[in-house]
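See structure below.
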Amino acid sequence: MEYNHFPVLFNAVIEGLDIKPDGVYVDGTLGGGGHSSGILGKLTTGKLIVNDFDIDAIEHAKEIFATQLDKITFIHDDYKNLCNNLIESGINEVDGILLDLGVSSYQIDNPERGFSYIKDGPLDMRMNSEQKKSAFEVVNEYSEEELSRILFEYGEERYSRRIANAIVKEREKEKINSTLKLASIIAKTFPAKDRYKFGNPAKRTFQAIRIEVNGELDGLYDFICKIALMLKKGGRMCVITFHSLEDRIVKRAFAELEKDCICDKKLPVCVCNKRKEVEILTKKPIFGKEEATINKRSESAKLRIIKRV
Ligand SMILES: C[S@@+](CC[C@H](N)C(=O)[O-])C[C@H]1O[C@@H](n2cnc3c(N)ncnc32)[C@H](O)[C@@H]1O
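Numbering (our numbering), first residue to last: 20 to 328.
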């Protein structure tokens with residue numbers, strides 16, 4: 020399957036990173052390499068570290084960047100391990116970091132990866148195929164209460180209880196093992212008048228299961244707070260999110276990094292030693308809505324940018 024992924028908010032990201040030709044940049048979520056290609060285009064003697072826990076993304080990038088391998092370091096790991104991985108590679112500070120969170124179009128559009136509620140495939144949804152837990156396990160083994168909570172929290176699905184109950188009833192008859200089977204169970208739980216009111220009825224449930232399978236929100240806050248401190252003074256970090264749960268975490272982490280002394284104002288001297296570490300450059304996020312006519316995935320995208328002080 021061809022690796023198609025149109026980079027979201029490409030110009031805003033490249034501008035936001037304020038790339039220095041001799042700088043060191045990190046793309047924590049390589050995907051189809053669209054943003055990485057833009058970064059590489061601005062480097063002369065600089066270096067780019069690309070990271071993805073999907074081996075297909077790494078293999079694809081090795082092909083498309085074959086003539087520039089001297090500038091690139093590939094890391095096949097969870098981006099949450101980036102701080103250690105960078106330090107182990109002898110890199111203690113960087114000029115820019117990009118995180119373009121979530122799944123790539125390649126992963127969504129490839130039915131074999133099991134993310135699609137339109138095309139049939141195995142109930143998988145792992146971005147990292149080496150990981151053990153897949154959507155099959157979540158759908159067939161989680162308790163009804165757990166399923167309902169995940170659908171409500173991660174999918175903001177108003178019919179979470181009904182759907183969880185329908186899944187449990189169906190799996191008592193036989194295991195649910197394909198994406199279209201799950202999608203049809205979900206569709207039937209909706210009252211006919213509401214079924215297509217907010218798009219495909221399976222959309223929110225699939226998003227929720229995907230977030231659970233890939234632990235998309237786990238450790239994100241701590242990771243951002245930690246890796247931002249690896250930026251050189253003036254260095255930039257860009258983060259693109261695709262749903263409000265992720266965006267809230269990014270916003271909160273950036274706000275924490277920007278805070279100066281958090282001592283009680285009544286204290287005569289500072290005892291907390293908290294200092295402003297970054298400046299938030301996007302008081303409001305940059306929205307992808309405008310480019311949604313050429314790239315559907317941009318519709319819900321939000322970009323936030325900080326600069327190390
Ligand atoms: C939206 S795509 C990135 C697209 C990329 N910016 C481009 O221009 O093609 C997100 C990528 O991040 C990867 N990813 C998501 N979570 C990850 C994690 N925790 N660790 C490493 N890679 C992750 C996915 O496998 C996917 O390839």
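Glycine included, every Cβ here is placed at the ideal spot set by N, Cα and C. These figures come from a predicted structure and were not determined experimentally.
Is it buried or exposed, Cys-291, if we count other Cβ atoms within 10 angstroms and call 16 or more buried? The residue given as residue 291 occupies position 272 in the sequence shown. With fewer than 16 other Cβ atoms inside 10 Å of its own Cβ, Cys-291 counts as exposed.
What residues match up with Asn-70 in a beta bridge as DSSP calls it? In the sequence shown, the residue the question calls residue 70 occupies position 51. Its beta-bridge partners are Ile-94.
Would you say the beta carbon of His-54 is closer than 7 Å to some non-hydrogen atom of ligand 1? Position 35 of the sequence shown, counted from the start, is the residue given in the question as residue 54. The nearest non-hydrogen atom of ligand 1 is less than 7 Å from the C-beta of His-54.
Three-state class that DSSP yields for Gly-115 in the structure shown: The count along the sequence shown starts at 1 and reaches residue 115 at position 96. Note: Gly-115 maps to strand in three-state DSSP.
Straight-line Cα distance separating Glu-193 from Ile-305: For the purposes of this step, residue 305 is taken as the residue at position 286 of the sequence shown. For the purposes of this step, residue 193 is taken as the residue at position 174 of the sequence shown. The straight-line gap from Cα to Cα measures roughly 46 Å.
I think Asp-139 touches Thr-208, with their Cβ atoms under 8 Å apart; what is that distance to the nearest whole Å? One-based indexing of the sequence shown puts residue 139 at position 120. One-based indexing of the sequence shown puts residue 208 at position 189. With 8 Å as the limit, Asp-139 and Thr-208 do not qualify as a contact, their Cβ atoms being about 19 Å apart.
Length of the line joining the Cα atoms of Lys-61 and Lys-39: Here residue 61 refers to the residue found at position 42 when the sequence shown is read from its first residue. Here residue 39 refers to the residue found at position 20 when the sequence shown is read from its first residue. The straight-line gap from Cα to Cα measures roughly 7 Å.
Residue nearest to Asp-143 in terms of C-alpha spacing, selected from Lys-278, Phe-225, Glu-235: The residue you call residue 143 lines up with position 124 of the sequence shown. Cα-wise, what sits closest to Asp-143 is Phe-225.
Would the beta-carbon of Lys-278 fall within 8 Å of that of Lys-302? Against the sequence shown, residue 278 aligns to sequence position 259. Against the sequence shown, residue 302 aligns to sequence position 283. Judged by their CB atoms, Lys-278 and Lys-302 are not nearer to each other than the 8 Å cut-off.
Other residues of its chain near His-54: CB distance less than 7 Å, five sequence neighbours each side excluded: Locating residue 54 in the sequence shown gives position 35, where the first residue counts as 1. So the list reads Pro-26, Phe-29, Val-32, Asp-46, Leu-117, Asp-119, once near-sequence residues are dropped.
Residue closest to Leu-263, alpha-carbon to alpha-carbon, out of Glu-309, Lys-321, Ile-246: Counted from its first residue, the sequence shown places residue 263 at position 244. The residue you asked about is not Leu; residue 263 is Ser in the sequence shown. Nearest of Glu-309, Lys-321, Ile-246 to Ser-263, Cα basis: Lys-321.
Just to confirm my understanding: we take Ile-127, look at its own chain, exclude 5 residues before and 5 after, and list those with CB closer than 7 Å. What are they? As a first step, residue 127 is located in the sequence shown; it is residue number 108 there, counting from the start. Taken in chain order, the residues that qualify are Phe-134, Ser-135.
Considering only DSSP beta bridges, list what Pro-141 is partnered with. Working through the sequence shown from its first residue, we reach residue 141 at position 122. DSSP output for Pro-141 lists Ser-197 as bridge partner(s).
Ligand 1 heavy atom lying under 7 Å from the CB of Pro-220: Residue mapping note: residue 220 aligns to position 201 of the sequence shown, counting from 1. Result no, Cβ not under 7 Å from ligand 1.
For the region 272-320, which segments carrying the alpha helix (DSSP H) assignment without a break, of at least 4 residues, lie completely within its bounds, in sequence order? none
Is the separation between the beta-carbon of Leu-49 and that of Lys-90 shorter than 8 Å? Position 30 of the sequence shown, counting from 1, holds the residue named residue 49. Position 71 of the sequence shown, counting from 1, holds the residue named residue 90. Result no, Cβ atoms of Leu-49 and Lys-90 do not sit closer than 8 Å.
Just to confirm, is the Cβ distance from Ile-169 to Glu-235 under 8 Å? Here the question's residue 169 lines up with position 150 in the sequence shown. Here the question's residue 235 lines up with position 216 in the sequence shown. Judged by beta-carbon spacing, Glu-235 lies beyond the 8 Å limit of Ile-169, meaning their Cβ atoms are not closer than that value.
Runs of beta strand (DSSP E) lying entirely within the region 130-194, each at least 3 residues, in chain order: none
Classify Cys-257: buried if its beta carbon has 16 or more other beta carbons within 10 angstroms, exposed otherwise. The residue you call residue 257 lines up with position 238 of the sequence shown. Burial call: buried.
Quick one: grab the DSSP three-state call for Thr-260. Taking the first residue of the sequence shown as position 1, residue 260 is located at position 241. Here DSSP, grouped into helix, strand and coil, assigns Thr-260 to strand.
Can you tell me which of the three DSSP states Leu-248 falls into? By one-based count along the sequence shown, residue 248 stands at place 229. Correct three-state label for Leu-248: helix.
For Val-157, count the other beta carbons within 10 Å of its own beta carbon; 16 or more makes it buried, fewer makes it exposed. Which is it? The residue given as residue 157 occupies position 138 in the sequence shown. Buried.
Would you be able to state if there are at least three C-beta pairs under 8 Å between the region 73-89 and the region 163-179? no
Would you list the one or two residues that DSSP bridges to Ile-325? In the sequence shown, residue 325 corresponds to position 306, counting from 1. DSSP lists Met-256, Ile-299 as the beta-bridge partner residues of Ile-325.
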